[in-house]
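The opening residue of the sequence shown carries number 37 in the numbering used here; numbering runs sequentially from there.
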Amino acid sequence: MNTKLLMTASAFIMGALGIIASFMPVEILQALEQTPTPTLILVVQITGSLYFGFALINWMAKSYLMGGIYAKPLAIGNFAHFLIAGIAIVKAAVSNSITPKYIFILAIIYLLFAIAFGIVAFTNPKVITNSK
């Protein structure tokens, strides 16, 4: 698996989510049909900072060899994040009869990243040799 592409894509997705959540918490809460209280706004902004920090880690580590024992904490952290959040999003989407379409799209994206990071975390990387 091309881990550089995986890390870059996850960095862009999480970076975009982080910037949006950091600077547009009221709009996010209104889109989710929640009343923007100071506490909820703070929680969305903190969540945005977490996403942005994770995006920076993935961006800076995109050229690392990943898989097997290589960059295991990074692969497991990404796998856990995408799997747990993906399951939570699917559960929320299924339990709510009026779920917006973008929630289903987000669930699919999260579960695809979970599968990809699961493959990276629990398999050995392919060694590329230069044969002449």
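Beta carbons are placed, not taken as given, at the ideal position from N, Cα and C, and that holds for glycine.
N114 and L92 have their alpha carbons spaced roughly 13 Å apart. The Cβ neighbour count for G89, taken over all protein chains shown within 10 Å, is under 16; the residue is labelled exposed. Nearest in C-alpha terms to K108, of all of Q70, A57 and I155, is I155.
The straight-line gap separating the alpha-carbon atoms of A157 and L148 is approximately 14 Å.
N132 and K98 have their C-alpha atoms roughly 37 Å apart.
Remark: fewer than three beta-carbon pairs, one from each stretch, lie closer than 8 Å, so the segment 61-74 and the segment 116-132 are not flagged as touching.
Taking C-beta separations shorter than 8 Å and ignoring five residues to either side along the sequence, the partners of M50 in its chain run Y87, F88, F90, A91 and N94, following chain order. By the criterion of a C-beta distance shorter than 8 Å, V62 is surrounded in its chain by P72 and I77, once the five residues flanking it on both sides are discounted. Distance from the Cα of H117 is smallest, within the candidate group A47, K40 and L41, for A47.
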